Amino acid sequence: MKIRKLLYFPLLGLLALTSLFSCGEDRWKEYYPLTGRDLWMDSLMREVYLWYEDIPAANSLNYFQAPDAFLKSILSKNDKGFSTVDSIMDTPLPSYGFDYTLYKVATSDTTYTALVSYVAKNSPAEDAGLERGNWIMLVDGDSITQKTEERLIDGGARTLRIGKYVIVKEENNGGTEGDTENGENEEEEEDKEVGIIQETGDVALPAVRPVTESAIYDTNFIQLEGTDYKIAYLAYNSFTAGTAEQSEKYNNELRAFSQECKQRGINNLVLDFRYNSGGEMECVQLLADILVPADKLESPFAFLQYNDKQSAQNRDLILDSQLLQGGVNLNLPIVYIITSGTTAGAAEMLINCLKPYMKVVLIGQTTKGEYVATETFINPKYPWAVRPVVCEVFNSNGEADYSAGFKPDIAINETSYLQYYLPLGEPDEILLHITLQVIAGIVELPTPKTGTAIVRSFTTQKNLRKGLIVK
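Here the numbering used here is used: the first residue of the sequence shown is 273, the next is one more, and so on.
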């Protein structure tokens with residue numbers, strides 16, 4: 273499954289198209305069917321694009337290109353793929369509903385195993401029983417090669433041989449014996465521990481179908497044994513809400529989650545943003561309203577700064593308690609956020625805009641560094657949606673200095689711990705496990721003096737496992 277693209281702000285309206293003349297002769301009727309779409313995009317971008325001054329002169333542009341190629345030809349060097357154009361579709365593309373990463377088999381240069389890195393809810397992959405951390409060893413009885421890999425994406429029903437990563441001891445048969453200082457013999461080398469993929473059986477993967485996901489992927493409530501730490505975990509995969517009905521549904525789910533946290537006396541919260549690539553600003557405000565200390569509600573949250581042609585739209589966003597209707601503020605002094613290289617946009621906006629009001633601890637990997645907002649524009653004549661960068665997003669301190677991403681307080685590459693590469697929300701999953709250790713004080717956050725985290729050990733007790741776009 274391909275990671276979702278961001279959705280964007282509501283429509284603002286349409287802009288007029290420019291004309292095309294050649295050699296003093298009006299050839300509009302001849303060229304318009306071929307160039308009208310690109311001309312509309314050009315006209316739009318010169319009005320609303322944050323960096324419109326960087327768009328090349330019209331006489332140097334080719335208006336006969338495909339939409340994505342034309343957009344790329346006019347983008348500023350500051351635009352690192354933030355602005356996009358996509359065809360408009362009423363339903364999601366058919367999908368198996370899982371992502372994977374190929375690993376080469378140690379004994380072969382041409383065969384691979386596939387590590388399942390994500391399984392969408394209500395998908396064919398979930399129906400088959402696939403879980404994050406499973407390894408696909410065979411497809412329809414065949415090894416995975418460059419030729420057979422296409423079966424993992426071609427859409428047909430498949431039979432997958434599944435395995436799991438385990439640590440075993442490898443006997444040292446080549447060791448020699450030597451004399452110790454006391455004259456006794458001992459082996460020079462001990463048995464080594466190695467990781468292997470152990471077969472667990474076959475699963476039947478149904479054919480692809482359209483998959484629609486909820487913003488909330490999973491929740492969990494964890495009591496650390498022998499402590500007063502009551503921890504809520506929220507895997508929040510997107511601030512994108514889709515239609516108005518979906519937006520209300522997903523926001524109500526978030527409000528209900530906050531109510532349950534309050535009822536359980538939750539005093540620590542972990543947000544898992546590793547798959548969150550952005551979404552709508554109102555969703556960011558709502559989650560911030562739930563998290564921040566209560567006395568910070570109604571305070572400035574963010575400032576949106578548009579280009580000089582659109583400066584009338586410059587405005588402040590506040591921590592608006594009215595968005596909480598049906599939910600509650602948790603009055604937290606600190607929040608723990610799991611991040612990855614795909615954590616972007618609205619997720620980064622939340623991190624940046626919470627920092628003036630509460631402690632934000634990041635665990636995982638450096639975020640993507642998308643510090644601007646886009647907005648969606650649609651011309652009914654063309655089945656395309658253009659989403660240009662329209663403004664910068666600053667926090668209440670006037671800061672937006674994360675174009676290189678937010679570096680984690682504790683850097684962990686989860687693929688270095690494959691035995692703990694588990695479904696999201698499992699307390700033993702490596703990134704959540706380390707986060708729980710930080711909360712318990714077992715892992716100490718690095719200081720400027722030490723620069724490295726101190727790791728010890730602990731146990732957990734599971735309790736009730738539940739199943740404007742910012743870029």
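Heads up, the beta-carbon is just placed ideally off N, CA and C, and yes, glycines get one too. As the structure is a prediction and not an experimental result, all values here were calculated from the model.
Shown here, Val483 sits in coil according to DSSP, grouped into three states, outside any helix or strand. Taking every protein chain shown into account, the CB of Ser688 has fewer than 16 other CB atoms within 10 angstroms, so this residue is exposed. Inter-segment contact for the stretch 656 to 666 and the stretch 334 to 354 is present: three or more beta-carbon pairs are separated by less than 8 Å. For Asp474, the three-state secondary structure derived from DSSP is strand. The criterion of a C-beta distance shorter than 8 Å is not satisfied by Val411 and Leu402. For Met630, no alpha helix (DSSP H) segment is defined, and its DSSP state is neither H nor E. Secondary structure note for Ala386: its beta strand (DSSP E) is the uninterrupted segment 384 to 391.
Between the alpha carbons of Tyr629 and Lys568 lies a distance of about 7 Å. With contacts defined as CB atoms closer than 8 Å, Ile609 and Val632 qualify as a contacting pair. In this structure Asn539 does not touch Ala566 by the C-beta definition: roughly 14 Å separates them, more than the 8 Å allowed.
The beta-carbon distance between Ser612 and Arg546, rounded to whole angstroms, is 4 Å. This is short enough to meet the 8 Å contact definition.
For Ala397, same chain residues with a beta-carbon under 6 Å away, outside a window of 5 residues either side, are Tyr368, Gly369, Phe370, Val391 in chain order.
If you keep only unbroken alpha helix (DSSP H) runs of at least 4 residues inside the stretch 562 to 602, you get nothing at all. Annotated three-state conformation of Arg546 is coil, per DSSP. The residues Ile635, Ile682, Ile684, Val715, in chain order, have a CB closer than 7 Å to that of Ile706 in the same chain once the five nearest residues on each side in sequence are set aside. With contact defined as three or more Cβ pairs closer than 8 Å, the stretch 507 to 522 and the stretch 554 to 564 are in contact.
Under the Cβ criterion (8 Å, minimum of three pairs), the stretch 531 to 538 does not count as touching the stretch 575 to 588.
By a beta-carbon distance limit of 8 Å, Leu374 does not contact Tyr335. Their separation comes to about 40 Å.
Residue burial annotation: Thr379 is exposed, with fewer than 16 other C-beta atoms found within 10 angstroms of its C-beta. In the DSSP annotation of this structure, the continuous segment of the beta strand (DSSP E) that includes Asp490 starts and ends at 488 to 496. CA-CA distance, Pro339 to Ser345, rounds to 10 Å.
Exclusion of the five residues before and after Ile408 leaves Ala386, Leu432 as the residues of its chain whose Cβ lies within less than 6 Å of its Cβ.
Apart from the 5 residues on each side of it in sequence, Gly427 sits with its Cβ closer than 7 Å to the Cβ of Pro366, Ala479, Val480 in its chain, given in chain order.
A Cβ-Cβ contact shorter than 8 Å links Lys640 with Ala616. Distance check between Ala584 and each of Arg309, Val320, Ser315 places Val320 closest, using alpha-carbon atoms only.
Around the beta carbon of Gln470, fewer than 16 other beta carbons lie within 10 angstroms, which makes this residue exposed. A direct Cα-Cα distance of roughly 38 Å separates Leu333 from Ala516.
Inter-residue distance for Tyr489 and Gln518 is about 15 Å (C-alpha atoms, whole angstroms). Per DSSP, the continuous alpha helix (DSSP H) segment holding Glu398 begins and ends at 396 to 400.
Straight-line measurement puts the Cα of Ile416 at about 9 Å from the Cα of Glu422. One Cα belongs to Gln637, the other to Asn524, and the distance between them is close to 30 Å. For Asp371, the beta-bridge partners assigned by DSSP are Tyr390. The alpha helix (DSSP H) runs lying completely inside the stretch 693 to 720 and spanning 4 residues or more are 702 to 712, given in chain order. Non-local beta-carbon contacts of Leu347 in its own chain, meaning distances under 7 Å to residues more than five positions away in sequence, involve Ser355 in chain order. One alpha carbon belongs to Leu626, the other to Gly467, and they sit about 40 Å apart.
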